[in-house]
Every structure is written in structure tokens, then in C-alpha cells.
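Here's the structure, in C-alpha cells; my notes come after.
In the numbering used here, the protein residues as written are 446 to 796.
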């Protein structure tokens with residue numbers, strides 16, 4: 446992949462502001478937003494979510510506000526129209542899909558007791574990350590850090606008393622049969638979404654294969670219970686992460702081989718954190734792999750920029766040499782030619 450010169454923005458075309466995503470991604474975001482909304486409603490009414498029921502509304506208000514304000518600022522700086530304008534209410538809703546997903550996911554996945562401001566901080570930081578941590582991709586700046594994962598990680602790092610939401614709250618008020626049905630529904634719906642819309646199945650294959658492999662290696666080398674390590678893959682939290690977080694199309698590669706490398710890389714880094722007995726290794730692993738990818742994209746950009754500059758200099762040097770040769774030929778053709786006769790030399794100009 447060759448990253449061209451980064452485009453800082455530009456004025457939109459005459460028919461309206463630039464589109465935020467292609468139709469397939471919009472469709473995927475719509476389905477994801479609907480799914481996570483339904484899951485939150487069921488979580489507070491049936492499953493056993495433990496956060497206050499008003500918090501999702503506060504999270505959405507925080508995420509929407511942050512997204513709209515930052516987009517307005519970015520549009521002004523880049524000299525273009527805001528992307529939430531020009532498409533009516535439908536365009537506004539589609540623009541807010543990512544913020545909607547991030548806000549509900551963060552409130553659902555972290556537990557900060559009664560300190561709502563910490564949840565609001567996490568949502569604000571996660572949405573703002575898309576504007577701060579960006580790298581050049583196909584000539585345009587795009588965010589490379591998974592927003593929801595980064596927001597969760599910052600809560601865990603900055604507020605040691607905070608934690609992720611307990612996994613049991615996804616199935617706290619249902620029996621064993623229903624809990625397995627919940628896992629199956631999330632698994633099937635997420636797999637269909639990733640197979641048909643986000644095209645991230647190769648990433649899931651790399652992630653699941655890498656996770657199983659690291660569990661076996663930990664068992665063989667460090668005496669970890671292999672069945673217990675593999676049983677993690679059957680939980681609701683793991684299925685949600687595998688189908689809806691690690692596969693974020695905005696922060697993961699699009700080609701099969703890089704996808705598999707990304708997924709396997711997260712699994713390997715997670716295994717290293719587990720061997721080191723560091724809690725919440727999954728969120729650290731995801732952030733580290735995203736950071737490595739971001740640095741790779743920047744490195745690729747600078748290498749390509751240096752290559753283009755070098756080629757331009759070489760071309761200019763070659764042109765200068767050709768011009769010098771032509772000038773020398775012209776001067777040689779215009780110089781007088783000496784003709785010798787029997788009597789004395791006579792000079793005459795060249796023909």
C-alpha cells in the first residue's frame with residue numbers, strides 16, 4: 446500500500462458535503478447501532494445491567510455533543526462544510542452512528558460506581574481520540590486507535606478503583622439455557638454483519654486462532670489450565686469483543702493478510718500480558734496493536750514521501766544534465782571552424 450501526501454481537507458463539492466462512509470459501512474453502522482441499542486434496552490429490563498438506567502442517555506448526550514463540536518471545529522479548520530449538514534435528518538443520524546455506538550458501548554462495559562463524570566470523561570475521550578490519534582491512509586488522515594477500547598483503557602489506567610463491568614451482568618437475571626441463547630444470537634448476528642458488510646472475517650479468524658494457540662502455549666509452558674483458558678471464548682464478553690470491538694472497520698486493515706496479522710497480534714500481546722499476570726490485558730493488547738499499526742502507517746507515509754522527493758530530485762538532476770548537454774551542442778555548432786589552405790589558414794563559420 447502506498448500512502449500519498451496527506452490531504453488536510455478541502456472544500457466540499459458543489460452538491461453537498463463529502464460522504465462520511467461508503468454505503469456498506471453506513472449499513473453496517475446502522476445495524477450495529479440498532480443492535481447495541483436493543484441490547485442495552487434488554488440489559489436494563491431483562492439481563493441485569495448494573496449501571497443506573499439514566500446513564501445511557503447521559504452517555505449518548507455526551508458522545509453526540511463531542512462529535513458535533515469536534516466536527517464543526519475540524520470543518521472550519523479544513524475549510525469545508527461539516528459532514529452532518531446537507532443530508533437532512535437522515536444525514537445527521539448517519540453521521541452520529543459511530544458516536545452512538547461508542548457511547549453505549551462504554552457505558553455498558555465499564556463500572557465506575559456512582560461517579561458519572563468518569564463515564565462522561567471516558568466517552569468524551571473516546572470520541573475525541575478519532576480526531577487526535579490519526580494516521581495517513583490512502584492520502585487522508587484516519588483514526589487508528591479503537592475508540593471504545595481506548596476509553597475503557599484510560600479509565601482503568603487513570604482511575605485504579607474503576608473496572609470493567611462484571612461479565613455476569615450480561616446474563617445475571619436469566620437461566621443457563623437463555624444465557625447460551627444470548628451468546629448464540631450475538632455470535633450469529635455479529636458473524637453475519639462482519640461477513641457481509643464489514644468484511645472482517647479474516648481478522649476474526651486470526652484473532653480466534655491466535656487466542657486458542659496462546660492458551661495452549663501458556664498451558665504447555667506455564668502450567669496454565671488449557672480448558673480454563675479456552676473456556677473464556679464461550680463468554681458473552683468475549684463474543685461481544687470478537688464480533689463488535691476488535692473488528693472495528695475504522696481502525697483495522699482491509700486486506701485479508703493484514704487482517705489476520707492484526708487479529709493474531711492482539712492474541713499474542715494478550716498472551717504476554719497474561720503470562721506477566723497483568724489484569725485487563727485484552728484492552729492493553731488491543732491498544733498496543735492499534736498503536737503499532739498507526740506508527741506503521743506514519744512510517745510508511747514518511748518513507749513514501751522521502752521516496753517521491755528523491756525521485757523528483759533525481760528527475761530534476763537528469764533534466765538539468767540533458768539541458769547542459771543540449772546547450773553544449775548548441776555552443777559547439779555556433780563556434781567558428783578553421784579551414785586550412787595551401788597558402789594560409791582561413792576561418793569560416795560552420796554551416
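Beta carbons are placed, not taken as given, at the ideal position from N, Cα and C, and that holds for glycine.
Could you say which of the options lies nearest to residue i if we only look at CA atoms?
i, options, result
"residue 546", "608, 480 and 467", "480"
"residue 550", "668, 699 and 682", "682"
"residue 639", "755, 695, 578 and 607", "695"
"residue 495", "629, 687, 610 and 675", "610"
"residue 807", "666, 646, 475 and 677", "Because the chain here runs from 446 to 796, residue 807 falls outside it and cannot be looked at."
"residue 615", "779, 585, 575 and 684", "684"
"residue 552", "574, 498, 588 and 529", "498"
"residue 825", "776, 756, 733 and 757", "There is simply no residue 825 to check, as the chain begins at 446 and stops at 796 in what is shown."
"residue 542", "721, 476 and 601", "476"
"residue 501", "511, 773 and 488", "488"
"residue 595", "686, 777, 729 and 776", "729"
"residue 516", "506, 575, 724 and 548", "575"
"residue 506", "771, 484 and 548", "548"
"residue 564", "608, 577, 586 and 528", "608"
"residue 467", "486, 509, 503 and 536", "536"
"residue 559", "677, 686, 606 and 573", "606"
"residue 652", "688, 620, 676 and 665", "688"
"residue 585", "623, 768 and 746", "746"
"residue 677", "518, 761 and 719", "719"
"residue 556", "518, 613 and 633", "613"
"residue 808", "757, 519, 531 and 620", "Since the displayed the chain opens at 446 and closes at 796, residue 808 lies outside it and no answer follows."
"residue 508", "771, 592 and 767", "592"
"residue 554", "518, 504, 778 and 758", "504"
"residue 510", "531, 573 and 721", "573"
"residue 686", "635, 735 and 483", "635"
"residue 736", "722, 721, 490 and 577", "577"
Quick check on residue i: buried or exposed, where buried means 16 or more other Cβ atoms within 10 Å of its Cβ?
i, result
"residue 562", "exposed"
"residue 731", "buried"
"residue 690", "buried"
"residue 679", "exposed"
"residue 738", "buried"
"residue 588", "buried"
"residue 433", "With the chain represented from 446 up to 796, any question about residue 433 goes unanswered, as that position is not in the structure."
"residue 539", "buried"
"residue 603", "exposed"
"residue 618", "exposed"
"residue 775", "exposed"
"residue 533", "exposed"
"residue 600", "buried"
"residue 692", "buried"
"residue 629", "exposed"
"residue 485", "buried"
"residue 627", "buried"
"residue 711", "buried"
"residue 760", "exposed"
"residue 765", "exposed"
"residue 751", "exposed"
"residue 763", "exposed"
"residue 707", "buried"
"residue 637", "exposed"
"residue 631", "buried"
"residue 529", "buried"
Name the one or two DSSP bridge partners that residue i has.
i, result
"residue 586", "581"
"residue 555", "609"
Pop quiz: residue i and residue j are said to be a contact at Cβ under 8 Å. What is the actual Cβ separation, rounded to whole angstroms?
i, j, result
"residue 650", "residue 705", "6 Å"
"residue 726", "residue 663", "Wrong, their Cβ atoms sit about 12 Å apart, outside the cutoff."
"residue 654", "residue 713", "Wrong, their Cβ atoms sit about 11 Å apart, outside the cutoff."
"residue 544", "residue 512", "4 Å"
"residue 697", "residue 648", "6 Å"
Give a yes or no on whether 8 Å exceeds the smallest Cβ distance from residue i to chain D.
i, result
"residue 724", "In summary, chain D is missing from the structure at hand, where a single protein chain is found."
Q: Flag this pair as touching only if the region 658-678 and the region 507-524 have three or more C-beta atom pairs under 8 Å; answer yes or no.
A: These segments do not touch.
Q | Sufficient close CB pairs (3 or more, under 8 Å) joining the region 568-587 to the region 732-752 | A | The answer is yes - the region 732-752 touches the region 568-587, with three or more Cβ pairs under 8 Å.
Q) So does the region 471-486 actually touch the region 624-642, counting three or more Cβ pairs closer than 8 Å? A) Yes: at least three Cβ pairs fall under 8 Å.
Q: Count the C-beta pairs between the region 569-578 and the region 666-680 that are closer than 8 Å, then say yes if the count reaches three, no if not.
A: Verdict: no, contact absent.
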